[in-house]
Amino acid sequence: MSIFRPNAQIQKTRRLAGEQGVIGSLYRSSIFLEKAPKKVKPGQFFMVRSVAGVTAPLLARALSALDYDPEKGVLDVCYRIYGEGTAQLAHARAGDALQVYGPYGNGFDRKEIGDRPVVLVGGGVGVPPLYLLGKQLAGEGKKVLFLQGARSKGELLLVKELRKENIPVHIATDDGSSGFKGRVGELFGEQLPELTKGKKPIVYVCGPHPMMADIARRCAEAGLDCRVSLEEKMACATGICLACVVTVQKNGVEKNVPTCTKGPVFDAAEVVW
-8 MSIFRPNAQI
2 QKTRRLAGEQ
12 GVIGSLYRSS
22 IFLEKAPKKV
32 KPGQFFMVRS
42 VAGVTAPLLA
52 RALSALDYDP
62 EKGVLDVCYR
72 IYGEGTAQLA
82 HARAGDALQV
92 YGPYGNGFDR
102 KEIGDRPVVL
112 VGGGVGVPPL
122 YLLGKQLAGE
132 GKKVLFLQGA
142 RSKGELLLVK
152 ELRKENIPVH
162 IATDDGSSGF
172 KGRVGELFGE
182 QLPELTKGKK
192 PIVYVCGPHP
202 MMADIARRCA
212 EAGLDCRVSL
222 EEKMACATGI
232 CLACVVTVQK
242 NGVEKNVPTC
252 TKGPVFDAAE
262 VVW
């Protein structure tokens, strides 16, 4: 069943600033929801569509929650321009109307953390949902470490914001322009001996598919619990269109499930990579 949020409108949209200024086609939009949900779990997503001056019948876009203020009814989302739908959203002005449905998905299960330390591993548009998770966990006094991967220093996201939440951020860049030179999976592997001293951490991952698969493999080898938030194209968010189907396995049995209703967060050990 769709959860329609009437009277949604843009408050402001801006290019997302990275470590070296704005980042290409990456945008952050603040959206006012008149009938705001009481809470939004990190990892949940909304279906968002610009309607101001739009004549083409475009589908809504699935966007993860970057931040949420239930008192003000303001939802922040982050996205990259991939086509007409996201371009229209990026070019919307303050006060422009939106169609917003959600929240959808299971989100991250914070109850399973217990007293374990938490390692967040993100890259690209996979950073925002982990930012919200880290912010909430750090606010509860949890021990949180964030590992972020990017092609170069100029594409790093929300590093200052994470550190303001007292979350240590370790960086890996492909070109070595900031932090560790190499992939974030390699950085994770290098830090595993230190990370697994004492109580083993639980690992949460969101980002490009190869990155998530790499971290999932390393966690399995180290005996660490790992959860991944999968980034799949979605059209309906109700499991009907089957555009976001992924293959998972449990007890040796494989099956195809829609990411939108069964995820987007999965046990990494159950995903068929």
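The sequence shown runs -8 to 264 under the numbering used here. Just so you know, even glycine gets a beta-carbon here, dropped at the ideal spot from N, CA and C.
Can you give the Cα-Cα distance for L66 and V39, rounded to whole angstroms?
When rounded, the distance between both Cα atoms is 11 Å.
Quick one: grab the DSSP three-state call for E146.
E146: helix per DSSP, three-state reduction.
Looking only at its chain, what residues have a beta carbon closer than 6 Å to the beta carbon of G241, apart from the 5 residues adjacent to it on each side?
According to the sequence provided, residue 241 is Lys. The question's Gly does not apply to it. Cβ neighbours of K241 beyond the five flanking positions: E261.
Length of the line joining the Cα atoms of V68 and F36
Taking the straight line joining both Cα atoms gives about 9 Å.
In angstroms, rounded to a whole number, what distance separates the CA positions of P159 and G230?
Rounded to whole angstroms, P159 to G230 spans 37 Å at the Cα level.
Need the endpoints of the alpha helix (DSSP H) that I210 sits in, please.
Looking at the sequence provided, one finds Cys at residue 210 rather than Ile. Counting along the chain, the unbroken alpha helix (DSSP H) around C210 starts and ends at H200 to A213.
The alpha helix (DSSP H) with L49 in it runs from where to where?
DSSP places L49 outside any alpha helix (DSSP H), giving it a letter other than H or E.
Determine the burial state of Y73: buried for a count of at least 16 other Cβ atoms within 10 Å of its Cβ, exposed for fewer.
Exposed, by the Cβ-count rule.
What's the C-alpha gap between L233 and L178?
Each residue's alpha carbon lies about 35 Å from the other.
Once the 5 residues before and after R(-4) are set aside, which same chain residues still bring their CB inside 6 Å of it?
Here the set comprises L24, K26 and V91.
Rounded to whole angstroms, what is the Cα-Cα separation between G12 and G115?
Low confidence applies to G12: its pLDDT is 43, below 50, so where it sits in the model is not reliable, and the reading given next is rough at best. Their backbone Cα atoms lie some 15 Å apart in a straight line.
Go ahead and pull the three-state DSSP assignment for A163.
Strand at A163.
Helix, strand or coil: how does DSSP classify C197 here?
Here C197 sits in strand by DSSP.
Proximal residues to G76 (C-beta, below 6 Å), its chain only, five neighbours per side dropped:
Same-chain partners within the cutoff: L49 and R52.
Grab the span of the beta strand (DSSP E) containing C69 for me, first residue to last.
Unbroken beta strand (DSSP E) run through C69: V65 to R71.
Buried or exposed, going by whether 16 or more other CB atoms sit within 10 Å of the CB of T238?
Classification of T238: exposed, given that the 10 Å Cβ count is below 16.
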